[in-house]
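J.: Below you'll find the structure I mean.
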Amino acid sequence: MLTAIVVAAAWTGPAAAAADRPSASAPVTARAIALSDPSLEEQEQLRAIAGAIWTPELAAGWNMNAEVADVLSTATGEILKCSEAFALVPRPAGFVPGLGYLVNYWKNLRDYFLVVKNDRTYRACVVTAAANYRSPIEMASMGI
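Going by mature numbering (1 follows the signal peptide of the UniProt record, and there is no 0), the letters in the sequence shown line up with residues -17 to -1, 1 to 127, in that order.
Below you can see the structure in the form of structure tokens.
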């Protein structure tokens, strides 16, 4: 059942996420820059996803800014692609999940990562992403 939820999120996610992002041709304004950091609610949702990949204790100490969301998006994409290789997810998302995707599907992603993290076969996907993106997410949290 969880796999079906994640697959549905992956299929509908790009359209939902694209709706949350400004177009590439849109001018960058001070308002757009100010809105780039996640809201408090979005930060908690991002923290839940990060806690499922690393640990809730680690995620609790991170500043969930736009840079952290970008690193978390990349790590999420890598986990989904890796899982697809194990045939858990029929096909990868085909995009780097943005903030819109993460906050719209945070519960599904958190639950999915918690399941595969404890499954011996698929655990490799989460552990590898956690190792590869630990330093980048820590630096992003510190604004480096």
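From the three backbone atoms N, C-alpha and C, an ideal C-beta is built for every residue, glycine too.
Taking the alpha-carbon of Asn46 as reference, which of Gln28, Thr57, Val79 and Gly60 has the nearest alpha-carbon?
T.: Out of Gln28, Thr57, Val79 and Gly60, Gln28 has the C-alpha closest to the C-alpha of Asn46.
J.: Pull up the CB-CB distance for Ala58 and Ala112, whole angstroms please, since I reckon it's below 8 angstroms.
T.: That belief holds up - the Cβ atoms of Ala58 and Ala112 are roughly 5 angstroms apart, short of 8 angstroms.
J.: Tell whether a beta-carbon distance below 9 angstroms holds between Val79 and Pro21.
T.: Cβ atoms of Val79 and Pro21: not closer than 9 angstroms.
J.: Closest to Val109 by C-alpha separation, out of Gln26, Arg30, Ala52 and Trp37, would be which residue?
T.: Minimum Cα distance to Val109 is reached at Trp37.
J.: With DSSP as the reference, label Arg30 as helix, strand or coil.
T.: If DSSP states are grouped into helix, strand and coil, Arg30 belongs with the helices.
J.: Are the Cβ atoms of Trp23 and Ala33 separated by less than 9 angstroms?
T.: The sequence shown places Leu at residue 23, rather than the Trp named in the question. Contact flag unset, no.
J.: Check Pro80 in the structure and name its three-state DSSP category.
T.: Looking at Pro80 - three-state DSSP - the assignment turns out to be coil, as it is neither helix nor strand.
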